[in-house]
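So the protein lines, in turn, are chains C and S. So for the first sequence, the numbering used here puts the first residue at 4; every next one is plus one. So for the second sequence, the numbering used here puts the first residue at 2; every next one is plus one. Only one structure is covered here, and it is reproduced in the block below.
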Amino acid sequence: SQQGEEDPQALSIQEGENATMNCSYKTSINNLQWYRQNSGRGLVHLILIRSNEREKHSGRLRVTLDTSKKSSSLLITASRAADTASYFCATDPASKAAGNKLTFGGGTRVLVKP
Amino acid sequence: EAGVAQSPRYKIIEKRQSVAFWCNPISGHATLYWYQQILGQGPKLLIQFQNNGVVDDSQLPKDRFSAERLKGVDSTLKIQPAKLEDSAVYLCASSLAVSLSISYEQYFGPGTRLTVT
Chain C
4 SQQGEEDPQA LSIQEGENAT MNCSYKTSIN NLQWYRQNSG RGLVHLILIR
54 SNEREKHSGR LRVTLDTSKK SSSLLITASR AADTASYFCA TDPASKAAGN
104 KLTFGGGTRV LVKP
Chain S
2 EAGVAQSPRY KIIEKRQSVA FWCNPISGHA TLYWYQQILG QGPKLLIQFQ
52 NNGVVDDSQL PKDRFSAERL KGVDSTLKIQ PAKLEDSAVY LCASSLAVSL
102 SISYEQYFGP GTRLTVT
């Protein structure tokens, strides 16, 4: 079963616009990670946010985490055609038995039109 | 730094045949993962190794899937016999994680696309 669920499932925007996608999860986490996947480069790690952090930035990416609502969002600002990809959230559960194991959501497919 | 290597990149087999995938993780990465990604879905963890020991194989269909990581470096994943529903991309990932209590990012290989006919 998948712990994280992304919303929306698909998103189409014009180059230069911002893209926002959300992830909801069910159980307590150590951290939440966002990955990007496109056909050319496979799955690439974007950002890791720990359970005691609320917001994190990396270049044009901004991630927020609300552990009380068990949700996270990924914002891509000033999108480019090269940002066209599927974006996945992945949760690392807080259980000690889990041990660095990620559970991925179903992904948001983003299309950035030039 | 070389990334995670996987081979073959593509494989087409008939149902009931056997297939094996190979993965070479990033040098020095203690933890290795195999994922199955069905078209349109997110990756699903099949098995996690730390060095050459299995940490988690709870989602590995052990009646037909097997994996090993001899000497704590390379790993192979085998399916025998394959079913139509095994058609998927098989991803290998590695991470620096030497402690199960500290989180690390995972580095993924390009994957092997398996088609079972």
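The C-beta atom is built at its ideal place from N, Cα and C for all residues, glycine as well.
I want to see whether chain C comes within less than 8 Å of residue i, judged by CB atoms only; does it?
i                      : result
residue 49 of chain S  : yes
residue 98 of chain S  : yes
residue 86 of chain S  : no
residue 104 of chain S : yes
residue 92 of chain S  : yes
residue 46 of chain S  : yes
residue 37 of chain S  : no
How about residue i: is its C-beta nearer than 8 Å to some C-beta of chain S?
i                      : result
residue 103 of chain C : yes
residue 33 of chain C  : yes
residue 109 of chain C : yes
residue 51 of chain C  : yes
How would you write the range of the beta strand (DSSP E) that residue i sits in, first residue to last?
i                      : result
residue 90 of chain C  : 88-96
residue 113 of chain C : 111-116
residue 70 of chain C  : No beta strand (DSSP E) holds residue 70 of chain C; DSSP gives it neither H nor E.
residue 39 of chain C  : 32-41
Just how far apart, CA to CA, sit residue i and residue j?
i                      : j                      : result
residue 64 of chain C  : residue 5 of chain S   : 25 Å
residue 33 of chain S  : residue 117 of chain C : 38 Å
residue 17 of chain S  : residue 76 of chain S  : 23 Å
residue 37 of chain C  : residue 94 of chain S  : 15 Å
residue 114 of chain S : residue 90 of chain S  : 4 Å
residue 73 of chain C  : residue 10 of chain C  : 14 Å
Quick check on residue i: buried or exposed, where buried means 16 or more other Cβ atoms within 10 Å of its Cβ?
i                      : result
residue 40 of chain S  : exposed
residue 118 of chain S : exposed
residue 58 of chain C  : exposed
residue 72 of chain S  : exposed
residue 40 of chain C  : buried
residue 81 of chain C  : exposed
Using a Cβ-based criterion (distance less than 7 Å to any ligand heavy atom), does residue i qualify as near the ligand SAH?
i                     : result
residue 97 of chain S : As presented, the structure is devoid of all ligands, the ligand SAH included, so that no description of it is given.
Determine the chain B residues that contact residue i at a beta-carbon separation under 9 Å, and present them in chain order.
i                     : result
residue 62 of chain S : Here the protein chains are C and S, and chain B is not one of them.
request  = Only counting runs of 3 or more residues, tell me where the beta strand (DSSP E) segments fall wholly within the region 50-91 of chain S, in order along the chain.
outcome  = 54-57, 66-69, 76-80, all fully within the region 50-91 of chain S.
inquiry  = Runs of 4 residues minimum, wholly inside the region 8-38 of chain S: which ones carry the alpha helix (DSSP H) assignment?
reply    = Here no run is fully enclosed.
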